[in-house]
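Participant: Residue 102 is where the sequence shown starts when you use my numbering, and the numbers rise one by one after that.
Even for Gly, the Cβ is constructed at its ideal location relative to N, Cα and C.
Owing to the predicted nature of the structure, the values given are computational and were not obtained by experimental measurement.
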Amino acid sequence: MSLAQRLRRACAEGRLRAVDTALADWGLRHGADERVALALALANRAVGEGHTCLPLDEQAPPAIPEENPICETAAWRQSLAESRLVGEPGEARPLILEGERLYLHRYWQYEALLAERLKAMIGTAPAAVDTAPLEREGELFDYAWVGDEETHWQAVAAATALRHRFCVISGGPGTGKTYTVLRLVKLLLADAAARQTPVPTIALAAPTGKAAARMMESMRNGLADLPDSEALGPSLPEDAATLHRLLGLRGDTTRPRHDRDNPLNADVVIVDEASMVDLPMMAKLVDAMPRHGRLILLGDRYQLASVESGSVLAELCRAAGVNGFGPQQREAFAPLLKSDAPTADPPLPPLADHVVTLQTSHRFTADSAIGRLAASVNAGDADSAMGVIREAAPEAIEARLDAGDGLDALVETVAAAHAPLLSESDPVAALARLGEIQLLTATRVGPTGSDSLNQAIHERLCREAGLDPAETWYPGRPIIIQHNDYRAGLFNGDIGICLADKAGRRRVWFQTGEQPRALLPTALPQHDSVYAMTVHKSQGSEFEHVHLLLPAVDTPVLSRELLYTGITRARKSLSLHGPEDILRAAIGRQTRRHSGLAERLAG
């Protein structure tokens, strides 16, 4: 059987995509032998699976049966070394072979660029930091909840961001990332005033429109709790932008308006939900930073990585360790670091001084059922997680971990929760109710996917309310926006609800500002019903109660990161649905994305 036939079979069986086989065909037409053509297909598939490269030393090419002679490792490597389509780092060839990693040229460029710019920022001499304002109770930080021998990690995070041009502040839900950043901004403004230098220009950004809106909302809400907030308010940006908008990326090009030759007009760039930022976007962001600029990334190191290639935030945090600073930084922060601060043995990684992991959640405590379950999942300890689930009070965690699908009962439960919205007329009350309960799924397609469940819940509600299931716009229908629409002021992930106005006309209401606003259904960008959504879509959101549904069969998409993200969307209570063996398999599977970024930064 020829390679072309084998590739077509692999595509038909779902082991390759059509775009992967098309790239292999291109290679054959441009002088590649069968081994190099296969390498093109597999390197492209690796990017599609979220990796930035194909590791040659870890596995045989899995998309083609191992008995195929073209997969013999030594011959495969020799073909790569001899092909004019494969180059060394720095060459302009379709494939780049660097050690044991094989890259598509563009992704080698992104990774090398990101590492180069981050190393330059990390290598900048640290600034002196006056820790006195960070130590005094009530001046900036609340120390009432911190014990005498406990480190106030929010204060340490602010100090770290003041000391360095590049800083990562990682923390789970409710650990105070926005709280910390507001106080950091105040310190930056105070420092400029003391030095009699211009007020720094601050840019706020996030990977999605929804995340950007939530960031700005959190900033405004946090101002009320900040001493002397009146002086800070005018210096904050009026809005937070998507990274696309900040960099000037348009849909018809991958080249941003801002790059190293035309840097951003910002002294400080703060990016929220950084775990969702993929490798190409992060590379473009650091390339657009001005030489003096300060970049601060906020995110949760344990949350799901971006849908696209790379897991940049997780890699940076993994390479840095957890709050193990070098001796100079420990000396500089001595008044802030208490006996619980960890120490690290030299040699320390270059990133160690630049990453701070916040420790205490104010959404749910570490000893709460949800907090303990999230910690067990992060640790990959399935037995501990099952123990938490069994011991938790039903009002905190309800588990329906049986072999049956239980879908009909779940559909009935969620439909019943949404039924009152069919007669609701107040948009404020309706939007608030949408934040009370949410069904999250691991996948979009399949019997336990969000698409199927949205349809099932829609039909159940229509049947019980006497509505025509073919009716699209009926009062009480919740929707989620799928694409950014700057003219409409709606962004990917925004949630709205259809209600009838006083004249009986259908309008869709969104909480995109202090007051809900209504739009005609015909004015909306692409959207779907959202009785159920995927865990990926839920990132950056939180709900009073979450139903987390696992599929009936194991699938590679299930991982401890997905479970952790779904579990921590719940503010107060959680219901888990699915077989126990599937839950255990997900806890035991850690997402791993192949990359050379950590090695480049350590070099």
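Identify every residue that forms a DSSP beta bridge with C154.
Facilitator: Along the sequence shown, one-based indexing puts residue 154 at 53. BP columns for C154 are empty, so no partner.
Participant: Quick check: the Cα distance between R661 and A520, rounded to an integer number of angstroms?
Facilitator: Position 560 of the sequence shown holds residue 661. Position 419 of the sequence shown holds residue 520. Their Cα atoms are separated by approximately 33 angstroms.
Participant: Return the CA-CA distance between P80 and R473, expressed in angstroms with no decimal places.
Facilitator: What the structure shows of the chain is the stretch from 102 to 704, and residue 80 is not part of that stretch, so it cannot be assessed.
Participant: Provide the residue span of the beta strand (DSSP E) that contains E339, from first to last.
Facilitator: As a first step, residue 339 must be located in the sequence shown, where it is residue number 238. Neither: E339 is in no beta strand (DSSP E) and is coded neither H nor E.
Participant: Could you work out which residue in S674, G422 and A140 is closest to E499 when comparing CA atoms only?
Facilitator: On the sequence shown, position 398 is the one that residue 499 refers to. Cα-wise, what sits closest to E499 is S674.
Participant: With C-beta atoms as the reference, is V609 less than 8 angstroms away from I596?
Facilitator: One-based indexing of the sequence shown puts residue 609 at position 508. One-based indexing of the sequence shown puts residue 596 at position 495. The Cβ-Cβ distance between V609 and I596 does not fall below 8 angstroms.
Participant: Between V378 and S407, how many whole angstroms is the CB-CB distance? I'm expecting something under 8 angstroms.
Facilitator: One-based indexing of the sequence shown puts residue 378 at position 277. One-based indexing of the sequence shown puts residue 407 at position 306. V378 to S407, Cβ: 6 angstroms. Contact.
Participant: Whole angstroms are fine: how far does the CA of I668 sit from the CA of A516?
Facilitator: As a position in the sequence shown, residue 516 is number 415, starting the count at 1. As a position in the sequence shown, residue 668 is number 567, starting the count at 1. Approximately 21 angstroms, taken between the alpha carbons.
Participant: Is it the case that the stretch 389-397 contacts the stretch 359-371, given that we only count it when at least three CB pairs across the two stretches are under 8 angstroms?
Facilitator: yes
Participant: Does the stretch 480-499 come into contact with the stretch 433-453, if we say contact requires no fewer than three beta-carbon pairs (one atom in each stretch) closer than 8 angstroms?
Facilitator: no
Participant: Whose CA, out of A566, Q612 and G567, lies closest to the CA of I581?
Facilitator: As a first step, residue 581 is located in the sequence shown; it is residue number 480 there, counting from the start. Ranking the options by Cα distance to I581, first place goes to Q612.
Participant: Are there 16 or more other CB atoms within 10 angstroms of the CB of M320, so buried, or fewer, so exposed?
Facilitator: Residue 320 sits at position 219 when you count from the first residue of the sequence shown. Buried: at least 16 other Cβ atoms inside 10 Å.
Participant: Between A258 and I270, is the Cβ-Cβ spacing less than 8 angstroms?
Facilitator: By one-based count along the sequence shown, residue 258 stands at place 157. By one-based count along the sequence shown, residue 270 stands at place 169. Cβ atoms of A258 and I270: closer than 8 angstroms.
Participant: Verify whether the separation of the beta carbon atoms of L143 and L129 is less than 8 angstroms.
Facilitator: Looking up residue 143 in the sequence shown gives position 42. Looking up residue 129 in the sequence shown gives position 28. Taking 8 angstroms as the Cβ cut-off, L143 and L129 do not qualify as a contacting pair.
Participant: I need the DSSP call for T355, collapsed to helix, strand or coil.
Facilitator: Taking the first residue of the sequence shown as 1, we reach residue 355 at position 254. Note: T355 maps to coil in three-state DSSP.
Participant: So for L459, helix, strand or coil by DSSP?
Facilitator: Here residue 459 refers to the residue found at position 358 of the sequence shown. The DSSP-derived three-state label of L459 is coil.
Participant: Does the stretch 299-310 come into contact with the stretch 263-279, if we say contact requires no fewer than three beta-carbon pairs (one atom in each stretch) closer than 8 angstroms?
Facilitator: no
Participant: Between the alpha carbons of D552 and E217, how many angstroms are there, rounded?
Facilitator: Position 451 of the sequence shown holds residue 552. Position 116 of the sequence shown holds residue 217. Their backbone Cα atoms lie some 42 angstroms apart in a straight line.
Participant: Provide the residue span of the alpha helix (DSSP H) that contains L290, from first to last.
Facilitator: Taking the first residue of the sequence shown as position 1, residue 290 is located at position 189. From DSSP, the alpha helix (DSSP H) with L290 extends over K278 to R296.
Participant: Please state whether DSSP places W610 in a helix, a strand or coil.
Facilitator: As a working note, residue 610 is residue 509 in the sequence shown. Residue state for W610 is assigned as strand, using DSSP reduced to three classes.
Participant: Under the three-state reduction of DSSP, which class applies to R564: helix, strand or coil?
Facilitator: If you number the sequence shown from 1, residue 564 lands on position 463. DSSP places R564 in helix when its eight states are reduced to three.
Participant: Bridge partners of H393, per DSSP?
Facilitator: The residue labelled residue 393 in the question sits at position 292 within the sequence shown. In the DSSP output, where bridge partners are listed per residue, H393 has none listed.
Participant: Per the DSSP calculation, V647 is bridged to which residue(s)?
Facilitator: The residue labelled residue 647 in the question sits at position 546 within the sequence shown. For V647, which the question treats as bridged, DSSP gives the partners Q539 and L675.
Participant: In terms of DSSP beta bridges, what is Q579 paired with?
Facilitator: In the sequence shown, residue 579 corresponds to position 478, counting from 1. According to the sequence shown, residue 579 is Pro rather than Gln. Answer is I598, bridged to P579.
Participant: Tell me which residue opens and which closes the alpha helix (DSSP H) that V369 is part of.
Facilitator: The residue given as residue 369 occupies position 268 in the sequence shown. Membership of V369 in any alpha helix (DSSP H) is not indicated; the residue belongs instead to the beta strand (DSSP E) covering V369 to V372.
Participant: I need the DSSP call for G128, collapsed to helix, strand or coil.
Facilitator: Here residue 128 corresponds to residue number 27 of the sequence shown, with the count starting at 1. Helix.
Participant: What residue range is occupied by the uninterrupted alpha helix (DSSP H) comprising A705?
Facilitator: Outside the modelled stretch of the chain, which goes from 102 to 704, sits residue 705, for which no answer is possible.
Participant: At the level of alpha carbons, what is the spacing between T153 and L438?
Facilitator: The residue given as residue 153 occupies position 52 in the sequence shown. The residue given as residue 438 occupies position 337 in the sequence shown. Going by the C-alpha atoms only, they are around 37 angstroms apart.
Participant: Going by the CB atoms, is the gap between L650 and T542 shorter than 8 angstroms?
Facilitator: Within the sequence shown, residue 542 is the residue found at index 441, counting from 1. Within the sequence shown, residue 650 is the residue found at index 549, counting from 1. Yes, they are a contact pair.
Participant: Going by C-alpha to C-alpha distance, which of G273, L141 and T635 sits closest to D373?
Facilitator: Along the sequence shown, one-based indexing puts residue 373 at 272. Of G273, L141 and T635, the residue nearest in Cα terms is G273.
Participant: Going by DSSP, what residues sit across from G273 in a beta bridge?
Facilitator: The residue you call residue 273 lines up with position 172 of the sequence shown. Answer is none; G273 lacks a bridge partner.
Participant: Would you give the residue range spanned by the alpha helix (DSSP H) that Y204 belongs to?
Facilitator: Numbered from its first residue, the sequence shown carries residue 204 at position 103. Here Y204 belongs to no alpha helix (DSSP H); instead the beta strand (DSSP E) covers R202 to L205.
Participant: Starting from A306, follow its DSSP beta bridges and name the residues at the other end.
Facilitator: One-based indexing of the sequence shown puts residue 306 at position 205. Checking the DSSP bridge columns, you'll see A306 partnered with A342 and V372.
Participant: Can you tell me where the beta strand (DSSP E) with T692 in it begins and where it stops?
Facilitator: As a first step, residue 692 is located in the sequence shown; it is residue number 591 there, counting from the start. Unbroken run through T692: none, as it is neither H nor E.
Participant: Answer yes or no: do A281 and F592 have a C-beta to C-beta separation smaller than 8 angstroms?
Facilitator: Here residue 281 corresponds to residue number 180 of the sequence shown, with the count starting at 1. Here residue 592 corresponds to residue number 491 of the sequence shown, with the count starting at 1. At residue 281 the sequence reads Thr, which differs from the Ala that was named. No, they are not a contact pair.
Participant: Here's the rule: buried if 16 or more other CB atoms are within 10 angstroms of the residue's CB, otherwise exposed. What is W246?
Facilitator: For this step, residue 246 is matched to residue 145 along the sequence shown. By the neighbour-count rule (16 or more Cβ atoms within 10 Å), W246 is not buried but exposed.
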